[in-house]
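Read top to bottom, the protein sequences are chains A and B. Heads up: the first sequence is residues 1 to 127, going by the UniProt record's numbering. Heads up: the second sequence is residues 1 to 177, going by the UniProt record's numbering. Glycine residues also receive a C-beta, built at the ideal position from the N, C-alpha and C atoms. Everything numeric in this text was worked out from a predicted model, so none of it was measured. To keep things clear, I will list the structure first and then write my remarks on it.
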Amino acid sequence: MDAYYLEATPKTPKLDFNPDADTFLISGRSIPENSIEFYKPLLDWLDKYVHNPLESTIFEIKLEYFNTSSSKCLVEIFRKLEKIHDSGNKVTIEWYFDEEDEDMEESGEDFKEIIKIPFKMKEIKED
Amino acid sequence: MAKNFTQSDVFQAEIDFLNEVRVLAEDDNIPADKVKENYKLLCDKYDRLIGEAKLLTSVSDRLHAKLNEANEKLKKQSDEINKINDDLKVNNQLLQDTIDQLVKAKVGRKASSIVLLIAIILFIISEGVLEPIVEERVGNTSIGFIFKLGIAVLLKPIDVLVERYMMRRALNKRNQD
């Protein structure tokens, strides 16, 4: 299965989904004009991945900021990961947040509450 | 219009399911167990949707709070910048006044030097050239005094004229810069 990679822009995050590695990544800012249009190819890619996942997948979220529609798209992504978890494969979501960013921490907690797969909160310490 | 489409598009899966269930609700020939199964599915989806609605509301509220905070911060910074600008304007005016006074003083000093030079030249011309000629031809020694008095009387108007001319030049030069 081909990897799915998109470089970050000031409004959209970096998407790095490589099945050769066991860690997928979304990082940066997610405030696209049209979130659905932006995340649709990734959701399609995940639909294929769900049918042939790795035994263990770590999904890292390192977002600085995201808009409301992006949060809905993240829910959709997590729902697809739930399918992988339900089929018996190991999936872990790692939600990274800056130690001073309470908003991002609280958002992670909100996602953790509704997503039924292991969800780890990871604090990024400032040097 | 396009924005509305995008917003509803975010919930397209939910809208599709709702339409599906509505079609089933219209059908009177569905067996009871199938109705129950769909009802259970609907409950699960609704439960999930409540969770997502709570999440989205929470995220949205936080974003609004963040934006509000950023706006307040920007407003405060804008007020500070305006105050600094006002102070700068006052300081600029003071600086300009000081510069003008300095230019005036400099021009005044220069004009006085020029007038002094003119006075010396006129004095020398009067003393060395005009007086001997006039005294020789007219034979009146008080003519020399009249010449010197004339030079003395002319000094102030010449000073004013020279200062005005030089001030005008200095102002033109400043405006060109």
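Nearest-angstrom Cα distance between B/ASN4 and B/VAL90? Legend: pLDDT at B/ASN4 = 49, less than 50; position of this residue unreliable, value from coordinates given subsequently. Cα to Cα, B/ASN4 sits roughly 51 Å from B/VAL90.
Quick check: is the beta carbon of B/PHE5 nearer than 7 Å to any beta carbon in chain A? Residue placement at B/PHE5 cannot be trusted, given a pLDDT of 47 that sits under 50; what the coordinates show is reported in the next sentence. Not an interface residue.
Rounded Cβ spacing between B/VAL10 and A/SER35 (contact assumed at less than 8 Å): Going by Cβ atoms, the distance from B/VAL10 to A/SER35 rounds to 7 Å, so yes, they are a contact pair.
Tell me, to the nearest whole angstrom, how far the beta carbon of B/ILE120 is from that of B/VAL134; I am working on the premise that it is less than 8 Å. About 20 Å separates the CB atoms of B/ILE120 and B/VAL134; that is not less than 8 Å, and the two are not in contact.
What residues from chain B crowd round A/ILE114, counting only those whose CB sits closer than 8 Å? Listed along chain B are ARG48, GLY51, GLU52, LYS54 and LEU55, each with a C-beta nearer than 8 Å to that of A/ILE114.
Is it buried or exposed for B/VAL162, if we count other Cβ within 10 angstroms and need 16 for buried? Label assigned to B/VAL162: buried.
May I ask you to list, following chain order, the residues of the stretch 52-86 of chain B that have a beta carbon less than 7 Å from some beta carbon of chain A? Listed by position along the chain: GLU52, LEU55, LEU56, SER58, VAL59, SER60, ARG62, LEU63 and LYS66.
Would you mind sorting A/HIS85 into buried or exposed? The rule is 16 or more other CB atoms within 10 Å of its CB. Within a 10 Å sphere around the beta-carbon of A/HIS85 sit 16 or more other beta-carbons, which makes this residue buried.
Cβ atoms of A/ILE114 and B/PHE55: under 7 Å apart, would you say? For the sequence presented, residue 55 of chain B should be read as Leu rather than Phe. Contact flag set, yes.
A/PHE111, enclosing beta strand (DSSP E) - first and last residue: Where A/PHE111 is concerned, there is no enclosing beta strand (DSSP E), although the alpha helix (DSSP H) it sits in stretches over 102-114.
Looking at the C-beta of A/VAL75, does it have a partner C-beta in chain B at a distance below 7 Å? Interface residue, yes.
How about A/ILE26: is its Cβ closer than 6 Å to a heavy atom in the ligand ADP? Ligands displayed in this structure: none; no statement on the ligand ADP is therefore possible.
Looking at the structure shown, is A/LEU54 part of a helix, part of a strand, or coil, going by DSSP? Assigned with DSSP and collapsed to three states, A/LEU54 falls in coil, not helix or strand.
Please state if the CB of A/ILE31 and the CB of A/LEU15 are separated by a distance shorter than 7 Å. With respect to A/ILE31, A/LEU15 sits apart: the two C-beta atoms are not nearer than 7 Å.
Which ranges would you report for the alpha helix (DSSP H) in the stretch 82-154 of chain B if only whole runs of at least 4 residues count? Every alpha helix (DSSP H) of 4 residues or more that sits fully in the stretch 82-154 of chain B is shown, in chain order, as 131-138.
Between which two residues does the alpha helix (DSSP H) harbouring A/SER71 extend? It spans 68-86 - the alpha helix (DSSP H) in which A/SER71 sits, taken as one unbroken run.
Got a sec, what are the start and stop residues for the alpha helix (DSSP H) B/ASP16 sits in? Residues 12-26.
Chain A partners of B/VAL10, CB-CB under 8 Å? Neighbours of B/VAL10 on chain A, chain order: SER35, ILE36, SER69, LYS72 and CYS73.
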